[in-house]
Amino acid sequence: MGPTKVFKAVHAHPGCIRALYDLSDTRNACHDSDSKTAAFKEIAILIPDFIKDNASENS
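Letter 14 of the sequence shown, counting from 1, is numbered 77 in our numbering, and no numbers are missing.
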């Protein structure tokens, strides 16, 4: 995916997804979480049924 900051991605990893498709740090083509805890919080907001449907797998 590439570095979090688009400027760094463009110069350090020009072939990564962020360098190729993101317009800025807030206008981007992809998102990833910086920790497992953050991922579960973000998934719960974006896809609420995912956590309920996969609760036993996330333990």
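Beta carbons: idealized from backbone N, C-alpha and C, even for Gly.
Judged by DSSP secondary structure, LYS68 falls outside any alpha helix (DSSP H); it is assigned neither H nor E.
Straight through space, the alpha carbons of PRO77 and ASP85 are spaced by roughly 11 Å. DSSP, read as helix, strand or coil, puts ARG90 in coil. At a Cβ-Cβ threshold of 8 Å, SER87 and VAL73 do not count as neighbours. Note that the C-beta distance between ILE80 and ALA92 is below 8 Å.
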